[in-house]
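Going by the working numbering, the first residue of the sequence shown is number 49, and it counts up by one from there. C-beta: ideal position from N, C-alpha, C; glycine also.
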Amino acid sequence: MLDLALSILSSTWIFVVFKLYDVYKVQTLVAIIINYITACLTGFFLYQGPVAMGEIMSTSWVWGPFAMGILFITIFNLMAKTAQTSGVSVASVATKMSLVIPVIIGLIFYGEHLTFLQAIGILLALAAVYFASLKEKGITINRKDLILPLLVFLGSGAIDASIKYFEEKHLTDQEIPIFSSMVFGCAALSGLIYIGVGSKKQTLKINFKNVMGGIALGIPNYFSIYFLIRALRNNTWSSAAVFTLNNVAIVMLSTLLGILLFKERLSIKNWGGVVLAIISIVLVALF
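Okay, structure coming up:
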């Protein structure tokens with residue numbers, strides 16, 4: 049329970065930092081790369097034991113961080129393009145609705161079971177994500193732009209499903225810090241390659257503001273994954289329940305923090321989403 053709560057708090061802080069990027073005019077792309085480097089170094093710092101690359105390269109999970117690192121940076125850019133073409137609400141809904149992918153995979157491949165009330169809770173969670181994310185007048189997507197939110201949906205679901213797969217099949221408790229660290233390290237490497245390819249399109253500034261923005265994002269970003277993996281190892285809830293509680297609680301908490309810290313105004317639909325989120329959390333957690 050504590051691990052899940054810490055993962056939710058870490059993930060919610062990420063949204064707060066992104067909001068502060070607008071306030072302080074932080075260059076997002078530079079901060080994102082520094083964020084991944086910071087997250088990688090955080091994991092190496094927390095890893096208890098010698099970091100022997102030979103031993104790491106011989107593990108069964110070594111290929112995972114490379115694949116997930118590429119996926120991380122790719123989905124980030126797809127989310128940005130989705131927000132630009134179809135709106136922030138579409139990008140948010142596509143990202144959080146992807147919780148259905150690890151839920152379905154858990155039920156089919158890992159033999160997990162849901163009670164009737166938990167299933168109802170998951171359906172309510174999807175509705176909660178949709179309504180709480182409606183920060184604009186509505187969600188409209190042109191057919192030609194449909195591919196972007198679909199890719200965000202599939203990619204975000206693939207990330208969560210991958211985390212569950214490696215937690216279930218490959219990782220020991222001692223390997224969680226180094227695995228998480230390598231995921232972010234590979235994401236940083238992918239980002240640097242992306243910058244090298246696209247740097248002609250914009251001027252990148254390595255200054256104090258951008259560096260601090262990356263560090264402020266990188267530490268909670270690392271712990272959001274670290275504590276999520278630890279929560280999945282707990283036998284109290286199935287992975288379906290963990291992913292549902294994690295995603296819905298993040299949406300609810302980030303929405304409420306938006307009101308308190310940034311004076312955001314919610315519509316009736318937004319408040320309905322918050323209420324549905326609370327109900328879904330109660331159903332999934334207690335039943």
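Item: DSSP state of Val110, grouped into three classes?; Value: coil
Item: Can you list, in chain order, the residues of its chain whose CB lies under 7 Å from that of Tyr270, leaving out five sequence neighbours each side?; Value: Ala87, Thr90, Gly91, Ser228 and Phe232
Item: With a threshold of 16 other CB atoms inside 10 Å of the CB of Gly102, please say whether the residue is buried or exposed.; Value: exposed
Item: Output the residue ranges of the beta strand (DSSP E) runs that lie fully inside the stretch 216 to 304 and measure 3 residues or longer, sorted by chain position.; Value: none
Item: Is it the case that the stretch 284 to 302 contacts the stretch 249 to 260, given that we only count it when at least three CB pairs across the two stretches are under 8 Å?; Value: no
Item: Ala297 and Val332 look like a contact to me (Cβ under 8 Å); what is the Cβ gap, rounded to whole Å?; Value: In fact, because the Cβ distance is near 10 Å, the residues do not count as touching under 8 Å.
Item: Check whether the Cβ atoms of Gly266 and Asn125 sit closer than 8 Å, and answer yes or no.; Value: no
Item: Which two residues bound the contiguous alpha helix (DSSP H) that contains Val177?; Value: Phe164 to Ala180
Item: Nearest to Gly169 by alpha carbon, out of Leu196, Val64, Phe291 and Ser108?; Value: Phe291
Item: My guess is that Leu240 and Val78 are in contact by the Cβ rule of under 8 Å, so how many angstroms apart are they, rounded?; Value: With 8 Å as the limit, Leu240 and Val78 do not qualify as a contact, their Cβ atoms being about 11 Å apart.
Item: From the DSSP output, in three-state form, read off Ser315 for me.; Value: coil
Item: So Val64 packs on Leu293, CB below 8 Å; how close in whole Å?; Value: With 8 Å as the limit, Val64 and Leu293 do not qualify as a contact, their Cβ atoms being about 20 Å apart.
Item: Can you have a look at Pro268 and say buried or exposed, based on whether 16 or more other CB atoms are within 10 angstroms of its CB?; Value: buried
Item: Which word fits Thr143, buried or exposed, when buried means at least 16 other C-beta atoms lie within 10 angstroms of its C-beta?; Value: buried
Item: So what's Ala100 in DSSP terms, helix, strand or just coil?; Value: coil
Item: Between the Cα of Val151 and the Cα atoms of Thr133, Ser140, Phe66 and Ala173, which residue gives the shortest distance?; Value: Ala173
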